[in-house]
Amino acid sequence: MRAFWTILLKELTLFMRSVGLVVAVLFFFLVDVYIVGNDIEIEPKNVSVGYVDYSNGGVLSKKILSHLHAPEFKKPIPFQSHEALSKAIFDKKIVVGLIFDPDFQKRYDAGGATQLNVLLDSTAATQSLLTLNYLQNIVLGFSSPKFPIELKIHKLFNQNSDTKKFMPLAELLSIMTLFGVILSASVFVKEKEQGTWDIMLLTPVDSRIIIFAKTTSQVLILFFLTMLSTGIDLFGIFDLPLNGSFAAYALMTLVFLYSIAGIGLFVAAVSNTIMEVAQWSVFLMMPIIFLSGAWTPIYSMNIYLQYLAYLSPLRYYIEGVESILFRGTPVEDLWLYFAGMTVIGAFLFMVGYRKIGKLF
Amino acid sequence: MRLGAIRAYMLKEFIDLKRSKMIYLVYLLPIMILILFGYGIRLEVTHARTIVIDQDNSKLSIDLAHAFMHSKYFDTKILPITPDEALASMKRAKTDIIIIIPPSFEKNLLKGLKSEIGVFIDASFPLRGRVMQGYVQGVLLNKASEYLPPQKIPLILINQRLLFNQAMRDENAIVPGLIALALLVAPAILAALLIVKEKEYGTIFNFYASPLSKAEFLIAKLTPPFVLHSVNIFIAFFIATYIFDVPFRGSFALFWVASELYVAVAVGIGLLVSIITRTQIAATVLAMLITIIPSFLYSGMLMPISAMEGGSYIEAHLFPVMYYSYILYDTFLIGQGLQSSTIILYLSILALYGTGLILIGSKLLKKELS
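Each protein sequence line maps, in turn, to chains B and W.
The number in this note's numbering is simply the position in the first sequence, starting from 1, with 1 added.
The number in this note's numbering is simply the position in the second sequence, starting from 1, with 1012 added.
Structure, rendered in structure tokens:
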């Protein structure tokens, strides 16, 4: 047991001494999470609108235009003709173009259906879809006092579907995965690269203790960084809710980090230089992230990908964390995530352990 | 300029790339970026797990519930459970949408009274929540308006014309942006590594001591990444058009020229990275950092440039990504080509950008111990 603590302490000290690495991980866990959370937005915001009003300044067209306001839309810009508006859309100066026909108002006043022509640059598919939806809601609002059905929509767990509460979390998880593999692999590969591997083999310490102590040291570092980022970025800056139990969150993080470290062990076994570790990590990280359901819901994926997704430890972690933070799922209902992650984690750790164990 | 020396050095680089297996990385990385992100980033939601609780059980309400059955967007179950049970299922992440049709819904509607339909959406993945909200609104309102009593209600109908991406396919929106990402990240990393590798191993002293001039050294070092990655332009084109079925409406020549210029810009970025870093790992991380995030932000893939304001609008114009992806989206989806003055302007900006970076890089490159 003393050997375990000594190795653990040695690795922690080594980590603290490599100033560049400490700065780099702090940058990614704190600054990068902030940048991504703050800057990447997919919702329609500041969408540029142009319009041509052939209905000669009718009240209705003005009313519709007045509904297109910040933060979703920029102030609508008038155009002289349909052609001028089209050209602006083709030049990507305008995303949404509205054309009011000459009889736009007349037909509405007559109590019938009138038509609003919308030209939409749909290069950004999701934004155009959401913009179109927004427009539909606006015009529906005009007739709604007489429309007999009202939809009461409740978006649970994130009332305003604020992406600022999701992007930083998604980025943190990607960074945890990437650095989880890199750190836990390089703690072994460093020895190979610097030629101290043989010295390590000569020490009278059981190889199992060496492997476990080295891995645990990196898991602890990552755990500390994750908690730091959770505290400062997620809860501090982006004000994420915590509707479930924090202890469950911490425990889940720890289990997740061990399963990622298992992948790190595998990478450590097959790489000889840190450069190879970096390549392997990026190579493995992408499928883990894409099969996790963070970007595309798993139930929307191709059926084979859905089966593959069972193998991504991140899948269980992200659903679990979302449930704890947003959905406020009670602890007893989280067992599925814990079970999934423990099984996958134990499997990955065993594979990695056996692979690297052969080198001892 | 001695061509013989350059040729010999270049040959050494190619052999080196082959031996160190880095040559696989040259083609693997861009292909992986395109395929993984192309399949991975889907903002559209299909098969959302939906529960309809029909408390009315009338013809109309059943019809309404069935409207959700025949759609790829919803996997619908009509269940006789209480709203609380449904909510508990949502809390366990088993359900995404709950629709509650209240009792006497049909009766009220036929009388012209207002009735409410309750919709609950899991927004813990916020964007997904929004997209699902749009779908639900569309289906319910469309279906319900078929049943409106024949009285005159002034309605405004939207006659939409979707330009450039009529089917609203996520692939069309994202894949061209991914090409801009792949063709920037991969050449930049390779160019940086080829030079930094020598620094890290100390073999850069061979160059310091050799009679090779700086220009010759740079030509020999930067040509391999440029040539190897030029092949990726074609690979990317085939992946986009054959695997992802993205339409190509512009001129291939324009696409090709712009892409070559862009690869040159990427190589120039790699050169600058190699000057300020000393180890391969640092060079890789730095090259990725200054290429990946701007590519995502400023390619217009996730957010149109016209929607940016202030700082980010200016930043978008500082990075080469915006100019190239404008041309990319034009050649793939729009097809204005050289008739548009913006494209000619952006093409020349890319050319200037590339030469500028390489000139600055060669000025800063040292041929002695510092």
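Every residue gets a Cβ at the ideal spot worked out from N, C-alpha and C, and that includes glycine.
If you're wondering where the values come from, they're calculated on a predicted model, not measured in any experiment.
Quiz prompt | Check whether W:F1117 and W:D1068 have beta carbons under 8 Å apart | solution = yes
Quiz prompt | Start and end residues, beta strand (DSSP E) containing W:T1088 | solution = 1086-1090
Exercise. Please report the residue range of the beta strand (DSSP E) in which W:S1127 lies.
Key: 1127-1134
Quiz item: Quick one: which chain B residues come within Cβ less than 9 Å of W:Y1338?
Solution: K93
Exercise. Output the distance between the C-alpha atoms of W:L1121 and W:I1339, rounded to the nearest integer angstrom.
Key: 52 Å
Practice problem: Just the C-alpha distance for W:A1185 and B:K76, rounded to the nearest angstrom, thanks. | Solution: 25 Å
Quiz prompt | Distance, B:F257 Cα to B:V220 Cα | solution = 10 Å
Practice problem: Spell out whether any CB of chain B is found under 8 Å from the CB atom of W:M1180. | Solution: yes
Quiz item: Cβ of B:K46 less than 8 Å from any chain W Cβ?
Solution: yes
Practice problem: Please state whether DSSP places B:P314 in a helix, a strand or coil. | Solution: helix
Quiz item: Are the beta-carbon atoms belonging to W:T1291 and W:L1298 less than 8 Å from one another?
Solution: no
Exercise. Taking W:R1014 and W:E1228 to be in contact with their CB atoms under 8 Å, please state how far apart those CB atoms are, rounded to whole angstroms.
Key: 7 Å
Practice problem: Tell me where the beta strand (DSSP E) around W:R1061 begins and ends. | Solution: 1060-1066
Exercise. Tell me, please, whether the CB atom of W:S1352 is closer than 8 Å to any CB atom in chain A?
Key: Among the protein chains in the structure shown, which are B and W, there is no chain A.
Exercise. Would you list, in sequence order, the uninterrupted alpha helix (DSSP H) runs of no fewer than 4 residues that lie entirely inside the region 1224-1251 of chain W?
Key: 1226-1250
Self-check item: Inter-stretch contact at 8 Å, needing at least 3 Cβ pairs: the region 1353-1364 of chain W / the region 1211-1222 of chain W
Solution: no
Quiz prompt | Closest by C-alpha distance to B:F180, when choosing among B:G358, B:V26, B:T164 | solution = B:V26
Quiz item: At which residues does the alpha helix (DSSP H) containing B:A269 begin and terminate?
Solution: 247-271
Quiz item: Which two residues bound the contiguous beta strand (DSSP E) that contains B:A407?
Solution: An answer regarding residue 407 of chain B cannot be provided, because it is not within the stretch 2 to 361 covered by chain B.
Quiz item: What's the gap between the Cα of W:Y1077 and the Cα of W:I1110?
Solution: Checking the sequence, you will find Ala at residue 1077 of chain W rather than Tyr. Those two C-alpha atoms are separated by around 11 Å.
Practice problem: Just mark W:Y1140 as buried or exposed, buried being the case when its beta carbon has 16 or more other beta carbons within 10 Å. | Solution: Rather than Tyr, the amino acid found at residue 1140 of chain W in this sequence is Arg. Buried is the call here.
Exercise. Can you give me, in chain order, the residues of the region 302-328 of chain B that have a beta carbon less than 7 Å from any beta carbon in chain W?
Key: E320, E323, S324, F327, R328
Quiz item: Closest to W:Q1178 by CA distance: which of B:T124, B:W296, B:F284, B:K166 is it?
Solution: B:T124
Quiz item: For B:I95, which three-state DSSP category applies?
Solution: coil
Self-check item: Coarse secondary structure for W:G1052, derived from DSSP in three states
Solution: helix
Quiz item: Taking the DSSP output, what are the residues bridged to B:V48?
Solution: B:F74
Quiz item: Applying the criterion that 16 or more other CB atoms from any shown protein chain within 10 Å of the CB defines a buried residue, is W:A1252 buried or exposed?
Solution: buried
Quiz prompt | Residues near B:M253 by beta carbon distance below 6 Å, same chain, minus five either side | solution = G321
Self-check item: Neighbour flag for W:H1241 against chain B, beta carbons, 8 Å
Solution: no
Quiz item: Using a beta-carbon distance below 8 Å, is W:D1066 in contact with chain B?
Solution: no
Quiz item: Hey, does B:S175 have any beta-carbon neighbour from chain W nearer than 8 Å?
Solution: no
Quiz item: Mind checking if W:E1128 is an interface residue toward chain B, Cβ cutoff 8 Å exclusive?
Solution: yes
Quiz item: Mind checking whether the beta-carbon of W:E1128 lies closer than 7 Å to any heavy atom of the ligand SAM?
Solution: This structure simply doesn't include the ligand SAM, nor any ligand for that matter.
Quiz prompt | Same chain only: Cβ atoms within 6 Å of W:Y1021, ignoring 5 sequence neighbours per side | solution = A1232
Exercise. Can you tell me which of the three DSSP states B:D334 falls into?
Key: helix
Practice problem: For B:S129, collect the residues of the same chain with a Cβ closer than 6 Å to its Cβ; drop the 5 residues on either side in sequence, then sort them by chain order. | Solution: L121, S123
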